[in-house]
Structures are given as structure tokens and as C-alpha cells.
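Colleague: In this note's numbering, the protein residues as written are 49 to 197.
Backbone N, C-alpha and C fix where the C-beta goes; we use that ideal spot for every residue, glycine too.
As the structure is a prediction and not an experimental result, all values here were calculated from the model.
The structure follows.
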Ligand SMILES: [Zn+2]
């Protein structure tokens, strides 16, 4: 825990985004509750899904999870998967899957800091409208928790 605190200070100085650490804490707390409820002696594997449009740096989240895990989660393996964004055009009804990798770095950065700008950079591939809804690709959820009783 002390090490985690030291890293947090270092991270702050470097201007790293902090919200992955808060997210990792929330995940660990949820998994601990599940382990308690299910009567698990030890958690072996946790699968987490992260929507691609949910501004999360997977590397930092994985690092935070490995630093913060303790107790029944001490030996748990965390598997973080990204879920691609699925969008639907409000004008013509076209559905398509969007990958953040299709954007250049500058646009990805802009979306990272101001998520609303996503509408300025993504357009319907059929009619070109920027008016779309996000069907999938937001949020963070626990896919599965495996352990021994
Ligand atoms: Zn359209």
C-alpha cells in the first residue's frame, strides 16, 4: 500500500490520468464483495470489459489492479478486454462498429479530454451525418469472477 501511495505521488507529478486508479479500487472492492457473498476462499481470475469510448487507459488500469490487489485477490489474474463501440445513425438508421484506432493521435487526444467532441470526428459511413447514438462502447463492467471455495 505504501508503494502504491508513492507511485500515486509520482504519477501526479507526471500528470498521468488518475481515474484509472479510482476505477481499479472500485473493481477490487466489487470483486471482494462478490468473493465474500459467494464464499470464495481465493479469487483466481477476474474478467473486466471496458467500452472503447470510456476514456480508460488499459495499461494504467492493469498496473493499478496489480498494485492494489490484496487479501482474497492477492493471486488473482485480471483480464481486461476492450469492447468496440457500436453506433447507430439517428438520420438513416445505419449501424456500424467504430474503432478508436481509425482516428489519428490528435483526434484521439481531443476525444480523450473532451468526450463530446466524438461527434465532430465520427460520421455515419452511409449518409455522413454526425448525429448518432452510442449503442455499446461505454462503461466498465465485470464479466466474470472465478475462484476456489
Ligand atoms: Zn446515416
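Between residue 114 and ligand 1, is the CB less than 7 Å from at least one heavy atom?
Modeller: Every heavy atom of ligand 1 is 7 Å or more from the Cβ of residue 114, so no.
Colleague: Can you tell me which of 77, 92, 153 and 72 puts its alpha carbon nearest to the alpha carbon of residue 197?
Modeller: Nearest option by C-alpha distance: 92.
Colleague: For residue 144, write down the residues that DSSP places opposite it in a beta bridge.
Modeller: Answer by DSSP bridge pairing, in chain order: 135.
Colleague: Return the residue from the list 135, 189 and 123 that minimises the CA-CA distance to residue 173.
Modeller: Nearest option by C-alpha distance: 135.
Colleague: Could you name the residues whose beta carbon sits closer than 6 Å to any heavy atom belonging to ligand 1, keeping them in chain order?
Modeller: Those residues are 137, 139, 140, 142, 172, 174, 175 and 177, given in chain order.
Colleague: For residue 71, does the three-state DSSP call read helix, strand or coil?
Modeller: The answer is helix: DSSP assigns residue 71 an H, G or I state.
Colleague: Runs of 3 residues minimum, wholly inside the region 158-197: which ones carry the beta strand (DSSP E) assignment?
Modeller: Segments of the beta strand (DSSP E) lying fully in the region 158-197: 180-184 and 188-196.
Colleague: To the nearest angstrom, how far is the alpha carbon of residue 177 from that of residue 137?
Modeller: Computed Cα separation, rounded: 7 Å.
Colleague: Leaving out five residues on either side along the sequence, give the residues of the same chain with a beta carbon under 6 Å from the beta carbon of residue 191.
Modeller: Only 95 and 97 meet the Cβ criterion.
Colleague: Could you tell me whether the region 100-109 touches the region 123-133, using the rule of 3 or more Cβ pairs below 8 Å?
Modeller: Because the criterion of three Cβ pairs below 8 Å is met, the region 100-109 and the region 123-133 touch.
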